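Heads up, the thing below is written out as structure tokens.
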């Protein structure tokens with residue numbers, strides 16, 4: 001299924017820019033008293049798990065009362081592998097799974113791995129006060145094919161893998177595009193668990209599968225073919241109602257955000273997908289055919305009001321503030337994104353904003369950002385009413401971070 005991009009494409013958007021800054025000491029004190037440090041029973045201490053290309057997985061803690069990030073625990077490549085570049089947590093936050101992005105492991109070529117770890121809470125005495133901390137405990141690992149495939153792995157009741165030497169289901173994709181060496185890149189489940197999508201960055205395709213709610217078995221239902229050189233990277237689902245789901249896809253190579261609408265026939269349960277909007281994420285005046293910018297991460301707030309995306313300047317000789325976060329208002333009725341997004345220039349967070357995620361509280365009052373080339377993790381406050389972000393604190397993690405996820409509480 002192909003799309004005519006020229007019908008709905010918007011090449012330029014009016015951007016309102018601001019430059020990030022760290023709060024002053026007085027602003028930090030004020031925020032800790034009346035801002036994040038509320039007395040309404042909300043969580044005060046947040047844990048974040050970070051992985052990257054340096055072979056390190058670490059746990060970082062953010063305490064709202066002191067407004068600082070602190071690294072609590074870490075594991076090195078002898079346990080987590082050389083490149084634990086993606087991490088996802090279980091719903092209860094007790095387990096997490098990491099993919100090891102390598103070409104060989106345990107002497108086997110063209111093989112990566114997926115590992116399972118348990119997060120163990122322990123008491124640690126610090127300055128004569130008891131403090132609860134999290135420790136990482138490896139419990140299981142399986143081998144996997146690193147490129148050109150999408151696979152399903154069944155889990156035991158304790159979260160470990162049922163099969164240690166093969167996947168329970170695998171799909172191989174061999175589509176070619178202008179960038180054939182780029183890989184199948186990402187999988188995202190619809191929140192209802194009914195649909196899974198796989199992005200093929202090099203093949204310029206997105207593969208949609210239905211998910212059996214009893215067995216978890218995947219069945220192909222739709223393939224979306226994008227224009228050559230799009231490089232679909234990550235996507236997010238937003239369930240509008242029982243029959244309509246909005247999908248937002250960021251394309252790494254073409255620097256575009258695509259809004260797709262998925263509708264399900266209430267009678268025969270068939271689904272169709274329509275392209276509704278395309279927006280360029282490039283700064284005004286940049287030639288899309290000759291640029292060193294690439295699209296990064298994309299995320300939508302729980303309430304569906306704001307969409308966030310990162311733009312990465314891959315030329316490290318350029319100023320860091322050419323890296324940015326775009327904040328779009330989303331129309332709650334038709335799903336379209338506003339053509340006048342706010343832009344936060346990342347002059348302090350450095351190069352290549354690779355990944356970000358929001359805290360698990362209902363208001364998503366915090367956001368964590370990982371900048372890959374600058375080895376930085378930054379924590380931001382988020383205004384639920386206007387979507388704006390403000391940098392609170394940042395630390396150097398020395399792990400070439402590619403993923404930073406809040407741990408559910």
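In full-length UniProt numbering, the protein residues as written are 1 to 409. Virtual Cβ for every residue (Gly too), placed ideally from N, Cα, C. Model, not experiment: these values are computed from the prediction.
Annotated as distal: residue 139 and residue 57, with beta-carbon spacing of 8 Å or more. Residue 224 places its beta carbon 8 Å or farther from that of residue 234. For residue 79, the enclosing alpha helix (DSSP H) begins and ends at 77–80. Within the stretch 329–400, the runs of beta strand (DSSP E) that reach at least 3 residues and sit entirely inside it are, in chain order, 342–345, 353–358, 366–371, 376–382 and 389–396. Annotation: residue 202 to residue 24 spans about 44 Å, alpha carbon to alpha carbon. In the structure shown, the three-state DSSP call for residue 222 is strand. Put simply, of 99, 236 and 48 the residue whose alpha carbon is nearest the alpha carbon of residue 300 is 236. Here residue 170 is bridged, per DSSP, to 151. Rounded to whole angstroms, the Cβ separation of residue 343 and residue 16 is 7 Å, and the two are in contact under 8 Å. CA-CA distance, residue 86 to residue 279, rounds to 27 Å. Looking at 294, 367 and 216, the one whose alpha-carbon comes closest to that of residue 382 is 367. The beta carbon of residue 207 sits closer than 6 Å to the beta carbons of 198 and 223 from its chain, once the five residues preceding and following it are set aside; these are given in chain order. Less than 8 Å separates the beta-carbon of residue 217 from that of residue 169. Shown here, residue 194 sits in coil according to DSSP, grouped into three states, outside any helix or strand. The Cβ atoms of residue 252 and residue 295 sit closer than 8 Å to each other.
Residue 192 and residue 317 have their alpha carbons spaced roughly 44 Å apart. Positions of the beta strand (DSSP E) runs, each at least 3 residues long and wholly inside the stretch 231–270, are given as 232–239, 244–251 and 256–264 in order along the chain. The continuous beta strand (DSSP E) containing residue 97 extends over residues 95–100. Judged by DSSP in its simplified three-state form, residue 217 adopts coil rather than helix or strand. The residue from 345, 400 and 117 with its alpha-carbon nearest to that of residue 390 is 345. Sorting 153, 362, 22 and 61 by C-alpha distance to the C-alpha of residue 303 places 362 at the top. Spatial neighbours of residue 276 in its own chain (CB-CB distance under 6 Å, excluding positions within 5 residues in sequence) are listed in chain order as 259 and 261. The closest CA to that of residue 373, considering only 298, 403, 254 and 330, is found on 403. Under DSSP, residue 45 takes part in a beta bridge, and its partners are 63.
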